[in-house]
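**Student:**
Numbering (my numbering), first residue to last: 7 to 769.
Okay, here's the thing in structure tokens:
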């Protein structure tokens, strides 16, 4: 059908016959990328202004009033069509999808409603099925054809403009998915699991089928049927095992490590030659390494397709197989603190009510250190916590728990405290849930309700569980391709994930609590465990990073971690647990975490993290964890020494005659990521940098500049804290054996801190 031919309005009842006739009117004659069409559409969009100025009547008024929307949607459609892969073309050289959409627009004289779209495409598909790429390009191609229709008949533009408005506002995902022949085929999954997955996961399956079919030169439907046939006959009943067999080859780890290592060494040697000072080159090595690694991770994130963790759709409730208890691990140091913990649990329950009865909540409480098994005030704290728990159970019909365990004597430090702090609490809770002997007990809550709990969602006291995030995490854990598979010994996860880790952001309230947190807790805040590195390694290798907040598979945890870690030496257990159990990174589920509001508490946390990293050093070279996780351990050690190296290079440049350039280089390297953020802010699409002055938080260029200045002021303190923490950890490990588990919670650090650089908590 040619544009401009006189086509009468086709009533809805006659549309199926019209669609079938359209589909049978031409033959496919190959495949090509529709870039010629996209360029033609761009030219049409640019001519809309002239058409609007000259158009008369009501149609012209509609066109002028909606010119901005038409221009924006037309350019978006042209961009999507230009970026689209190869699609079928007819014998006349036009994309088959263009002829399809052209006929639909003409049949309604510019009117395209969701009902007309559904009826037309359902009949069209029976004669000439659209491939997945064509089907999901329908909204963009329809937008293009509507713009061509408007230009042809601007005086009668009202119906077409309304249709563009509708396509812009309407979510057609469900409609298009219902019309997909490939979707219909995959819903025949012998395991019956495909229809239960979330929308994004089903899309991943269809895209994977499309790529395989194109590579093998067969139709999508044939490839889908082949995979379904294998699932019906094979040991695994779920079709996904055959669709994703051999999916996404991973580059050698040596390539990534080599790029960072060789690049850093080369630039450090080059700096030595340029500065004519070997000592300066040595001191600049670690700052250069940090900049090279950040740049490498940035390129990986930009050049590597993001890896999305598949998940089931549990938005209407978590099933019995995913029964989960969400626990806050905390030290019960006061009655008020206990009340606040249960208040938080109630909020988490309310924001995750869609998860249903199979999501439970509890406080995993430990009493503080003491000189005897019991201490003054214990009874009041326990009574208050238990009362809060019982009150919630009465109000909401159960589902809340208080978990407690006794203090044990720690001979090295000559104190009584709960065994192994948070790691011990998780181990003993997992044993309790598994029906094994455990010193952990449910001090409040119905013990019978814990039967069948398979997952622990562990949070810290300053972590917030956002809306519906629990169901998303459990949905990822129960997806058949994510379930952990152990080796013959049962002590190592070969595939799948024993932990599902969410994205962790900074809590908005915590970020605005003080001038210090407003500076450092905004976008791109200076965090030792930044998510960029984790995402880069996840996208490359499918190995996430556990930061202590996430969903733990209880049976796998008990099997793999039993007697895996020596007692009394591990302060930071998260990265080792993640390395042993395997971590899946669920980027579309987010938790928010607290941020220190005072300099002193920030440095106390840095001290705690650094000691934990150095106490994990014996795991370097361990066969229990992968080379990638050993690289992460090494990177933590290297990162902890970087502030001292930067400060030393600056001091060298100041006090060594003729070495002033070393100080300049060190400052620039310290601010390299902030400089990069300024450049990106200036190189926006519109060529301008936006300064947001109405917000209490710092964004963009102001944030980067102030962070850089304050960061330089803090550099001596950070260098001292990290170096001291590293030496302290080694001294305690190798000599005294004392204080290895010395630890102060974030809340306690905030209460004790004074906003000064001079004072510091002693562990």
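Every residue gets a Cβ at the ideal spot worked out from N, C-alpha and C, and that includes glycine.
Are there 16 or more other CB atoms within 10 angstroms of the CB of residue 238, so buried, or fewer, so exposed?
**Tutor:** Looking at its Cβ environment, which holds fewer than 16 other Cβ atoms inside 10 Å, residue 238 is exposed.
**Student:** Going by DSSP, what residues sit across from residue 332 in a beta bridge?
**Tutor:** In the DSSP output, where bridge partners are listed per residue, residue 332 has 367 and 463.
**Student:** Just reading off the beta strand (DSSP E) that residue 579 is part of, what are its end residues?
**Tutor:** Segment: none, residue 579 is in no beta strand (DSSP E) and carries neither H nor E.
**Student:** Since residue 111 and residue 152 should fall inside the 8 Å C-beta cutoff, what is the C-beta to C-beta distance between them, to a whole number of angstroms?
**Tutor:** About 6 Å; that satisfies the 8 Å criterion.
**Student:** By Cβ distance below 6 Å, which residues in the same chain neighbour residue 743 in space, the five residues on each side in sequence not counted?
**Tutor:** These residues qualify, in order along the chain: 418.
**Student:** Helix, strand or coil for residue 558, going by three-state DSSP, please let me know.
**Tutor:** Looking at residue 558 - three-state DSSP - the assignment turns out to be strand.
**Student:** Is the separation between the beta-carbon of residue 274 and that of residue 285 shorter than 8 Å?
**Tutor:** Cβ distance not < 8 Å, so residue 274 and residue 285 don't count as in contact.
**Student:** What residue does the beta strand (DSSP E) around residue 511 start on, and which one ends it?
**Tutor:** 505-512 is the extent of the beta strand (DSSP E) around residue 511.
**Student:** Quick one: grab the DSSP three-state call for residue 200.
**Tutor:** If DSSP states are grouped into helix, strand and coil, residue 200 belongs with the helices.
**Student:** Around the C-beta of residue 478, are 16 or more other C-beta atoms found within 10 angstroms, so that it is buried, or is it exposed?
**Tutor:** Result: buried.
**Student:** Thinking C-beta only, is residue 484 closer than 8 Å to residue 560?
**Tutor:** In this structure, residue 484 does not lie closer than 8 Å to residue 560 by Cβ.
**Student:** Return the residue from the list 109, 558, 94 and 550 that minimises the CA-CA distance to residue 40.
**Tutor:** When only C-alpha atoms are compared, the closest one is 94.
**Student:** Let me confirm a value: residue 776 is counted as buried when at least 16 other C-beta atoms fall within 10 Å, else exposed. Which label applies?
**Tutor:** Beyond the ends of the chain as shown, which are 7 and 769, falls residue 776; an answer cannot be given.
**Student:** Where are the alpha helix (DSSP H) runs, 4 residues long or more, that stay fully inside the stretch 134-171, in chain order?
**Tutor:** Runs found: 138-142 and 144-158.
**Student:** Does residue 475 have its Cβ less than 8 Å from a Cβ in chain B?
**Tutor:** Absent here is chain B; the protein component of the structure consists of one chain.
**Student:** Under DSSP, the alpha helix (DSSP H) around residue 598 begins and ends at which residues?
**Tutor:** Counting along the chain, residue 598 falls outside any alpha helix (DSSP H), though it belongs to the beta strand (DSSP E) covering 589-599.
**Student:** State buried or exposed for residue 714, treating a residue as buried only when at least 16 other CB atoms are found within 10 Å of its CB.
**Tutor:** Classification of residue 714: buried, given that the 10 Å Cβ count is 16 or more.
**Student:** Report the partner residues of residue 499 according to the DSSP bridge assignment.
**Tutor:** Looking at the DSSP assignment, residue 499 forms a beta bridge with 492.
**Student:** Contact defined as beta carbons within less than 8 Å: I believe residue 597 pairs with residue 469. What is the distance between those atoms, to the nearest angstrom?
**Tutor:** Yes, residue 597 and residue 469 are in contact; Cβ-Cβ is about 6 Å, under 8 Å.
**Student:** Out of 592, 729 and 606, which one is the CA nearest neighbour of residue 643?
**Tutor:** Selected option, being the one with the closest Cα: 729.
**Student:** Return the Cβ separation of residue 33 and residue 97 in integer angstroms, given the expectation that the two are a contact with Cβ distance under 8 Å.
**Tutor:** With 8 Å as the limit, residue 33 and residue 97 qualify as a contact, their Cβ atoms being about 6 Å apart.
**Student:** In three-state DSSP terms, what is residue 485?
**Tutor:** Of the three classes helix, strand and coil, the one that applies to residue 485 here is coil, per DSSP.
**Student:** Assign residue 19 to one of three DSSP states: helix, strand, or coil.
**Tutor:** Helix.
**Student:** With three or more beta-carbon pairs closer than 8 Å as the criterion, would you say the stretch 578-592 touches the stretch 546-562?
**Tutor:** They touch, by the three-pair rule.
**Student:** Would you kindly work out how many angstroms separate the C-alpha atoms of residue 359 and residue 514, rounded to a whole number?
**Tutor:** Computed Cα separation, rounded: 23 Å.
**Student:** Check this for me: beta carbons of residue 244 and residue 195, under 8 Å apart or not?
**Tutor:** Yes, these two residues count as a Cβ contact at 8 Å.
**Student:** Going by CA-CA distance only, name the one from 236, 25 and 201 that's closest to residue 134.
**Tutor:** If we check each option's Cα against that of residue 134, 25 comes out closest.
**Student:** Ignore the nearest five residues each way along the sequence and tell me which others in residue 408's own chain have a CB closer than 6 Å to its CB.
**Tutor:** Only 369, 391, 392, 395, 449 and 450 meet the Cβ criterion.
**Student:** Three or more C-beta pairs under 8 Å: does that hold for the stretch 482-500 against the stretch 189-208?
**Tutor:** With a cut-off of 8 Å, the stretch 189-208 and the stretch 482-500 count as touching, because enough Cβ pairs lie within range.
**Student:** Rounded to whole angstroms, how far is the Cβ of residue 160 from the Cβ of residue 69, which I believe are closer than 8 Å?
**Tutor:** Their Cβ separation, rounded to whole angstroms, is 6 Å, which keeps residue 160 and residue 69 in contact under 8 Å.
**Student:** Can you tell me whether DSSP reads residue 376 as helix, strand or coil?
**Tutor:** Three-state result, residue 376: strand.
**Student:** Over the uninterrupted beta strand (DSSP E) stretch that includes residue 449, give me the two end residues.
**Tutor:** First-last of the beta strand (DSSP E) with residue 449: 447-450.
**Student:** Residue ranges of each alpha helix (DSSP H) run of no fewer than 4 residues wholly in the stretch 32-94, ordered along the chain?
**Tutor:** List check, alpha helix (DSSP H) in window: 41-52, 54-60, 63-71 and 73-89.
**Student:** Have a look at residue 604 and residue 518 and give me their C-alpha separation to the nearest angstrom.
**Tutor:** Answer to the nearest angstrom: the Cα atoms are 12 Å apart.
**Student:** For residue 259 versus residue 227, is the C-beta spacing smaller than 8 Å?
**Tutor:** No.
**Student:** Strictly by DSSP, which residues pair up with residue 101?
**Tutor:** Paired residues: 95.
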